[in-house]
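Using my numbering, count along the sequence shown one by one with no gaps and you end on 314. Here a beta-carbon is modelled for each residue, glycine too, at the ideal position from N, C-alpha and C. All figures in this text were calculated on a predicted structure; none of them were measured in a lab.
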Amino acid sequence: MIPGKHSIAIAASILALSATAASAADVELNVVSWGGAYTRSQLNAYQKPYMAEHPEVQLNSVDYSGGLAEVRAQSEAGNVTWDLVDTLLADAITGCDEGLFMPIDVDTDLDPAPDGTPASEDFLEGTLLSECFIPQIIYSTAFAYRTDAFQNGEQPSTMADVFDLEKFPGKRTLQKSPINNLEWALIADGVPVDEVYDVLDTPEGKDRAFAKLDSIKGDVIWWTEGAVPAQLLADGEVVFGTGYNGRLFAAIEEEGQPLAMIWDGQAMDIDGWAIPA
C-alpha cells in the first residue's frame, strides 16, 4: 500500500460520518461492505458525493460476507488491499485484539463539528466500544414472512409462531450460525427475553435451545449470504426467513414483495468502519 493511504481512508470515513471536506492524494481506495441495498445506500449517501467533491479520489466498492477470514488472509500474506471495511462490532473487537485493524483516535482522526464539538460527542452513548471501530448504524436481524402463505387468514406475530409448524407450515430460512438462533429458540419456547442469557448460560438451557431448533430443522434452509433470505422469500421457497432489516425493507418497499416483518425478538447490533492494518 502506498504511504499515507490509511490516513486518506480515515479522511474518507470522516466525510462519510461528518460531511466535512478533506484533502487527498491521487489514490484509489477499496471500501468493503455487505452488498445489496445496504451498499447502494452507502454509495448514494456518501461515497458518490465524496468522489464528486474529490475527483482525484476513486472509491472502489467491494462486497464481502463479513467475518475476518479475508482480512486475516491479506494480513498474513503481507498484501493488504482493503482500505476501509464495514464490519460488525464483535469482529472489530477481535480484529483489533489480533492487530488486524488500526487504532483510531476519534478526536484526533475525525473532524470536530462546525461549532467545535469533539467528534467523540457525536456518537450515541455506549457505542464507542473499540479503539479500532467507528460505529455508523444500529441495525436488527429479524424475521419476515410471506403474507400470502397461510390460507386460514391468520398472520404470525411472535417468535412462537415462527417455530409452530402446525399452525404456520412451510419452509423457514435461518442464518447458519448459533448467534441469534439459540436466543430465538428459547424465546419461542417461552423463556422471557430478560432471562434468555441466564438460561442459555446453563447446560440445560443450551439443550433446551437445541431441542427447540431440532423441532423445525427438517423445514430449515440455512443461509450464509445476506442476499439469500429475501430472495428465498420472494421466490416462495420459504414462508419465513431471518434477515437484516435493511434488506427486508428493500424487498418490501422497493420491490413490492408480499412480505411483512415480525419484530418480536429482533436482535439489534452495531455496525461500523474499521481500517485494516
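Rank ASP100, GLY104, VAL99 and THR124 by C-alpha distance to the C-alpha of ALA312 and give the top, closest one. In the sequence shown, residue 312 corresponds to position 275, counting from 1. With the sequence shown as reference, residue 312 is identified as Ile, and Ala is not the correct amino acid for it. Comparing Cα positions, the closest option is THR124.
Evaluate the contact criterion for the segment 261 to 270 versus the segment 282 to 290: three or more CB pairs, one atom per stretch, below 8 angstroms. Contact holds: three or more Cβ-Cβ distances are below 8 angstroms.
DSSP three-state assignment for VAL275, whether helix, strand or coil: Taking the first residue of the sequence shown as position 1, residue 275 is located at position 238. Coil at VAL275, not helix or strand.
Do GLN79 and SER98 count as a contact pair if the criterion is CB distance below 9 angstroms? The residue given as residue 98 occupies position 61 in the sequence shown. The residue given as residue 79 occupies position 42 in the sequence shown. Yes, these two residues count as a Cβ contact at 9 angstroms.
Threshold first: 3 residues or longer. Then list the beta strand (DSSP E) segments lying entirely within the segment 73 to 121, N to C. Listed in chain order, they are 94 to 100.
The beta strand (DSSP E) that contains ASP306, what's its start and end? Numbered from 1 along the sequence shown, position 269 holds the residue referred to as residue 306. Its beta strand (DSSP E) spans residues 296 to 311.
Sequence-distant residues of its chain with Cβ nearer than 8 angstroms to MET88 (five each side left out): The residue labelled residue 88 in the question sits at position 51 within the sequence shown. So the list reads VAL94, GLN95 and LEU96, once near-sequence residues are dropped.
Alpha carbon to alpha carbon, what distance is there between ASN81 and ASP244? Position 207 of the sequence shown, counted from the start, is the residue given in the question as residue 244. Position 44 of the sequence shown, counted from the start, is the residue given in the question as residue 81. Looking at the two C-alpha atoms, the distance is approximately 46 angstroms.
Tell me the rounded alpha-carbon separation between GLN188 and PHE277. Taking the first residue of the sequence shown as position 1, residue 188 is located at position 151. Taking the first residue of the sequence shown as position 1, residue 277 is located at position 240. Answer to the nearest angstrom: the Cα atoms are 15 angstroms apart.
For the alpha helix (DSSP H) that THR131 lies in, which residues bound it at each end? On the sequence shown, position 94 is the one that residue 131 refers to. 126 to 134 is the extent of the alpha helix (DSSP H) around THR131.
Can CYS20 and PHE170 be called in contact, C-beta distance under 9 angstroms? Look at the range of the chain in this structure, 38 to 314, and you will see that residue 20 is not part of it.
Which one or two residues does DSSP pair with VAL257 in a beta bridge? Indexing the sequence shown from 1 puts residue 257 at position 220. DSSP, once it has assigned bridges, lists ARG209 as partnering VAL257.
Expressed to the nearest angstrom, what Euclidean distance is found between the alpha-carbon atoms of ASP100 and SER70? For this step, residue 100 is matched to residue 63 along the sequence shown. For this step, residue 70 is matched to residue 33 along the sequence shown. Rounded to whole angstroms, ASP100 to SER70 spans 5 angstroms at the Cα level.
Which residue's Cα is closest to the Cα of ASP238: LEU219, LEU166 and GLY227? Taking the first residue of the sequence shown as position 1, residue 238 is located at position 201. Closest option to ASP238, Cα to Cα, is LEU219.
Roughly how many angstroms lie between the CA atoms of LEU202 and ASP231, to the nearest whole one? Within the sequence shown, numbered from 1, the residue matching residue 202 stands at position 165. Within the sequence shown, numbered from 1, the residue matching residue 231 stands at position 194. One C-alpha to the other measures close to 26 angstroms.
Suppose you measure from the CA of LEU52 to the CA of GLY302; what does that come to, to the nearest Å? To locate residue 52, count along the sequence shown from 1; it is residue 15. To locate residue 302, count along the sequence shown from 1; it is residue 265. Because the pLDDT of LEU52 is 49, which lies under 50, any placement of that residue in the model is unreliable, and the number read from its coordinates should be weighed accordingly. Their Cα atoms are separated by approximately 34 angstroms.
Rounded to a whole number of angstroms, what is the C-alpha to C-alpha distance between GLU135 and VAL108? One-based indexing of the sequence shown puts residue 135 at position 98. One-based indexing of the sequence shown puts residue 108 at position 71. The alpha-carbon of GLU135 is positioned some 11 angstroms away from that of VAL108.
Suppose contacts are defined by Cβ-Cβ distances below 9 angstroms. Is LEU66 in contact with LEU147 by that definition? Here residue 66 refers to the residue found at position 29 of the sequence shown. Here residue 147 refers to the residue found at position 110 of the sequence shown. It is not a contact, given that the beta carbons lie outside the stated cut-off.
If distances are taken between C-alpha atoms only, which option among PRO151, TRP119, PRO149 and ALA114 comes closest to PHE138? Start at 1 with the first residue of the sequence shown, and residue 138 comes out as number 101. Nearest C-alpha to PHE138: TRP119.
Specify the secondary structure class of GLU291 as computed by DSSP and reduced to three states. Reading the sequence shown from its first residue, position 254 is the one you call residue 291. DSSP places GLU291 in helix when its eight states are reduced to three.
Buried or exposed for TYR281, please, with buried defined as at least 16 other CB atoms from any protein chain shown within 10 angstroms of its CB. Indexing the sequence shown from 1 puts residue 281 at position 244. Under this definition TYR281 is a buried residue.
Rounded C-alpha distance that separates GLY72 from TRP310: Counting from one through the sequence shown, the residue named residue 72 turns up at place 35. Counting from one through the sequence shown, the residue named residue 310 turns up at place 273. Straight-line Cα distance between these residues: approximately 15 angstroms.
In angstroms, rounded to a whole number, what distance separates the CA positions of THR261 and TYR176? Numbered from its first residue, the sequence shown carries residue 261 at position 224. Numbered from its first residue, the sequence shown carries residue 176 at position 139. Cα to Cα, the separation comes out at about 18 angstroms.
Just grab the DSSP bridge partners of SER70 for me. Here residue 70 is taken as the residue at index 33 of the sequence shown, counted from 1. DSSP output for SER70 lists ASP100 as bridge partner(s).
Cβ-based neighbour list, ALA129, same chain, cut-off 8 angstroms, excluding 5 preceding and 5 following: Working through the sequence shown from its first residue, we reach residue 129 at position 92. Result list for ALA129: PHE138, SER167, CYS169, PHE170, GLY309 and ALA311, in chain order.
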